[in-house]
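In full-length UniProt numbering, the protein residues as written are 1 to 741. Encoded as structure tokens, the structure appears first; notes follow it.
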Amino acid sequence: MPVLGIDIGDGSATVATIAKGAIDIVLNEVSQRYTPVCASYTQKRRLFGDQATPQMISNCRNSCRNMMSLLGKTMGGDPELEVSAMDDFFSPNGISICSNGYAGYNVAISSEPYEVTKVLAGYISFLSEMADNYTKGPCREVVLACPGWYSEVQKEALKVAAMAAGLSCLNVLDECTAMALDYGVYRVKQLSDEKPTTVAIVMIGHSHASAAVCDFYQNHVEILSKVSRQNLGGRNLDHMLMKHMADGFERKYGCNPLDNRKIRLKLEAVAIKTKRVLSANSESGYSAECLMEDNDLQGNIKRDDFEEMCKQEFLPNITEMLMECVNLCGKAVEDISCVEIAGGVTRIPCVQKTISDIFGKQLSRTLNSDECVARGCVLDAAMRSISYRVRKYHVVERITRPLSLACIPGGDISQMASAETVEILPANSSKSTPIAAKLAVTAPAILIASLGDPKDPSDAYFLGAIQIVKQVQPTEEQGVTTVSAVFDENGVFFFTAVEGHEFVTMPRSSAFTVEAYAQAEAEAKAQDSIENQRLRTLNDFETLIYSVKEKMQGSHREYVAPEFVGTINEELNKWSNWLYDNYEASLEVLQDSLKRMQSDWEPIERLYGIQKAKENELDVFLSGLQSRHSMCCEDGPMWYGAPEEERLEFAQKIQAFEAKVRQQAEEEKAMPRHAEPLFTMEQLQTELRQINSEIDEFCRRMRVQSERRKEEEMAASQKAEEAEPAQNEPAEEQPADQDAQ
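What follows is the structure, encoded as structure tokens:
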């Protein structure tokens, strides 16, 4: 079973699989390696990817995008996980809070906002079907990439979306780790287990940026530091250009295009195109006809001006992120052997220069900028799947936030706010570091582990909790208990022991229920299937009407009796008007109407088909009859010495058959084309097969008779040969004394 590695960005998604021992990128329905990340809704179906892209403007009030940026975010909660102004700015129809407390999309077709998890589940299901079609088989095991800043809740929501789409999520891998896997696995022979190769990885995508410094060994990679920024990506540059264009437009016409979400989408398309042009050229013009109130947008911008805009905020933020990453890694910049870059923004010259200046090195692009994350994910999937035998390449991760424990004496969860908290691992600690904390614990009690605030009931970084039931033996140190925990190979945290105490793991409550999302996705997919089939039937109906109208004006008109031509044209107009009035008819009604029209048209199409078959095949058929006649007139091995009169009987039968066909063909020339034909090519072929069958049966009997005669002749010859030696033997001589007597 093929495994998948899926990298869903805010701009596009890449799906990788493994075929014939090599990584392969799945091509979508338009044969592209990258699929737009967007969804558009109607009352009857959902559209994803390239089908949804044209709807982003025409149906913007029911369109969704930026799913990965909005997944698991809230409003008015944790500032790090709150919907940002940039998230709302690039939303086609605004953001609201759903009933589960998380952000959702406003859509015009529903009074309730659409949950991001549901939309993402539909998009992942769409990618899964795309992979199934590409690999010609079911793909059910997957590793998904996520931004480095994702909380535990967001990772859980991503897993739930994948499972709701019918996939088995083997792991959720952050982008820098996926890139490190793609880098290390294919350089094993160049690496050593004694001396590490230190590499910096920088990824700047559509909406966020990440950086990591890694030590690569022959059998594993150790992440030394990892830093991620949410609102630092290509859309910041798009926003900057859009504001520049909108300011000029407002000065000229007195209206601001950014005030209208739909016009904002048009302006965004212009800004993206301009940004790409400036990456390779020193200057770019931009324009958009009738952008707002019938006013055209026109302008020009130089790369120098664009870079000056970047220097105000964007480039300093990149510098700050990279410097933090270098400072955390514990190594000097000189110890870093190379800098690998990925993401669309790293193609911009001023961004490349900023990164190069910080590390003091030429940038390396040995990784595929757009595919390395998906490639790393599919490698991780292959190493985890039982369907593949792949050499393990381990990753030693680090925590990006401090790990804390909260102890609630008495085991009363309502007293969480007054719990004692202790930090047991600082930020940037290796996940392989042994976790052991000495706490003053008195049973019963509850221990909560978190990378955020363990005393917060809605903590998005919650790792796990246990309930200490009772003390079963004294601890080594009076009044102090050692609590041990570990991160497993999947990066999942769990408690392993509480010194001298018995404990049970507490179940985690979640706002994301797989069963509910899976059921919603199954129902939506079934509705999509019905509507897609309805639209195909509708298209077939329209095609048939226009095809029949065209044929009635030309090729098929003579196959209709003159008195019925007007009736058929009226019927066609009736069907055309009916289809126009019943465009939203149900699938069953459309199928029934289509069958009725097909049955009415079928006799005319049949007459046309019969005539075309005769025009294409009759001459060849008659030529074949003549060849068959000649074969019957001439003796040959196939006849096995059959009497001439019997052969000629078949020749006469074929000759009569040919004469009849030619006579009927001549008679048909005088008949109108709409009359019932005297014969069809199928009838002729059937009659010829009957004659050939009789000839074959006759030849078979003659062969049997011939073989029998040969056997009789051979038997007689053998008998004669046996009798001949007996006749030639000399008579026995009489004794001499008998002669004398």
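Ideal Cβ placement from N, Cα and C applies to all residues, glycine included.
**Request:** Using the Cα positions of ILE318 and MET56, report the straight-line distance between them to the nearest angstrom.
**Result:** Between ILE318 and MET56, the C-alpha separation is close to 30 Å.
**Residue range of the unbroken beta strand (DSSP E) whose run includes LEU297** = LEU297 -> beta strand (DSSP E) spans 295-302.
**Item:** Contact check, CYS377 vs ALA178, beta carbons under 8 Å
**Value:** It is a contact, given that the beta carbons lie within the stated cut-off.
**Message:** In the DSSP output, what is LEU447 paired with across the bridge?
**Reply:** CYS407, ILE466.
**Request:** Could you tell me the distance, in whole angstroms, from the CA atom of SER210 to the CA atom of LYS226?
**Result:** CA-CA distance, SER210 to LYS226, rounds to 7 Å.
**Asked** Any contact of the segment 331-339 with the segment 195-208, i.e. 3+ C-beta pairs under 8 Å?
**Response** Three or more Cβ pairs closer than 8 Å define a contact, and the segment 331-339 meets that threshold against the segment 195-208.
**Item:** Closest Cα partner of ILE413 within the set ALA332, ILE97, GLN467, LEU684
**Value:** Comparing Cα-Cα distances from ILE413 to each of ALA332, ILE97, GLN467, LEU684, the minimum goes to GLN467.
**Request:** Using only alpha-carbon positions, find the residue among GLU668, LEU167, VAL172, GLU141 that is nearest to GLN154.
**Result:** Cα-wise, what sits closest to GLN154 is VAL172.
**Prompt:** Using the C-alpha atoms, what's the distance from LEU224 back to LYS189?
**Reply:** Using only the alpha carbons, I get a separation of about 22 Å.
**Item:** Nearest-angstrom Cα separation, counted from TYR461 out to SER430
**Value:** Roughly 17 Å separates the two Cα atoms.
**Request:** May I have the straight-line CA-CA distance separating ALA19 from ASN133, to the nearest angstrom?
**Result:** In a straight line, the C-alpha of ALA19 is about 14 Å away from that of ASN133.
**Request:** Determine, using beta carbons only, whether VAL26 and VAL15 come nearer to each other than 8 Å.
**Result:** Yes, the Cβ-Cβ distance between VAL26 and VAL15 is below 8 Å.
**Item:** PHE359: first and last residue of the uninterrupted alpha helix (DSSP H) it sits in
**Value:** Residue range 349-359 is occupied by the alpha helix (DSSP H) that includes PHE359.
**Prompt:** Of the residues TYR123, ASP78, ALA561, which one's Cα is nearest the Cα of GLU37?
**Reply:** Residue identity differs from the one stated: residue 37 is Val in this sequence, not Glu. Of TYR123, ASP78, ALA561, the residue nearest in Cα terms is TYR123.
**Item:** Any alpha helix (DSSP H) of 4 or more consecutive residues that is wholly inside the segment 310-389
**Value:** Qualifying alpha helix (DSSP H) stretches, in chain order: 314-329, 349-359, 372-384.
**Residues that ILE223 bridges to, as DSSP identifies them** = The partner list for ILE223 (beta bridge, DSSP) reads CYS214.
**Message:** In the DSSP assignment, the alpha helix (DSSP H) including ASP7 goes from what residue to what residue?
**Reply:** Careful: ASP7 lies outside any alpha helix (DSSP H), inside the beta strand (DSSP E) at 3-8.
**Message:** Rounded to whole angstroms, what is the Cα-Cα separation between ASP50 and THR42?
**Reply:** Distance from the CA atom of ASP50 to the CA atom of THR42, rounded to whole angstroms, is 16 Å.
**Opening and closing residue of the beta strand (DSSP E) in which THR505 lies** = From DSSP, the beta strand (DSSP E) with THR505 extends over 501-505.
**Asked** Span of the beta strand (DSSP E) holding LEU291?
**Response** From DSSP, the beta strand (DSSP E) with LEU291 extends over 283-292.
**Span of the alpha helix (DSSP H), counted from its first residue to its last, around ILE263** = Boundaries of the alpha helix (DSSP H) around ILE263: 261-280.
**Request:** From the DSSP output, in three-state form, read off GLN473 for me.
**Result:** If DSSP states are grouped into helix, strand and coil, GLN473 belongs with coil.
**Request:** Specify the secondary structure class of SER432 as computed by DSSP and reduced to three states.
**Result:** If DSSP states are grouped into helix, strand and coil, SER432 belongs with coil.
**alpha helix (DSSP H) segments (min. 4 residues) lying fully within the segment 49-134** = At a cut-off of 4 residues, the continuous stretches assigned as alpha helix (DSSP H) that sit fully inside the segment 49-134 are 55-58, 67-70, 85-89.
**Request:** Could you have a look at HIS239 and say whether DSSP puts it in helix, strand or coil?
**Result:** If DSSP states are grouped into helix, strand and coil, HIS239 belongs with the helices.
**Backbone secondary structure at GLU733 - three-state DSSP** = Confidence in GLU733 is poor, its pLDDT being 49 and thus under 50, which makes the residue's placement unreliable; the coordinate value appears in the next sentence. For GLU733, the three-state secondary structure derived from DSSP is coil.
**Request:** Taking only the alpha-carbon atoms, compute the straight-line gap between ASP581 and ILE109 and give it to the nearest angstrom.
**Result:** Distance between ASP581 and ILE109, taken at the CA atoms: about 23 Å.
**Message:** Counting C-beta neighbours from all protein chains within 10 Å, is the total for LYS525 16 or more, i.e. buried, or is it exposed?
**Reply:** Flag for LYS525 reads buried.
**Message:** Please report the straight-line C-alpha distance between ALA288 and GLY205, rounded to a whole angstrom.
**Reply:** Going by C-alpha positions, ALA288 is about 26 Å away from GLY205.
**Contact check, LEU181 vs VAL395, beta carbons under 8 Å** = Yes. Within cutoff.
**Message:** By the three-class DSSP mapping on this structure, what secondary structure does residue 764 have?
**Reply:** Outside the modelled stretch of the chain, which goes from 1 to 741, sits residue 764, for which no answer is possible.
**8 Å contact criterion, which TYR114 and LEU367 should meet: CB distance rounded** = Here TYR114 is actually not in contact with LEU367; their C-beta atoms are around 35 Å apart, not less than 8 Å.
**Request:** Count the other C-beta atoms from every protein chain shown that fall within 10 angstroms of the C-beta of GLN230, then say buried if there are 16 or more, exposed otherwise.
**Result:** That one is buried.
**Prompt:** Looking at C-alpha atoms only, which residue of LEU120, SER69, LEU439, ILE263 is the closest neighbour of HIS501?
**Reply:** Closest option to HIS501, Cα to Cα, is LEU439.
**Prompt:** Where does the unbroken alpha helix (DSSP H) through THR567 begin, and where does it stop?
**Reply:** 562-581 is the extent of the alpha helix (DSSP H) around THR567.
**Where residue 745 falls: helix, strand or coil (DSSP)** = Residue 745 cannot be examined here, being either before or after the span of the chain that is shown, 1 to 741.
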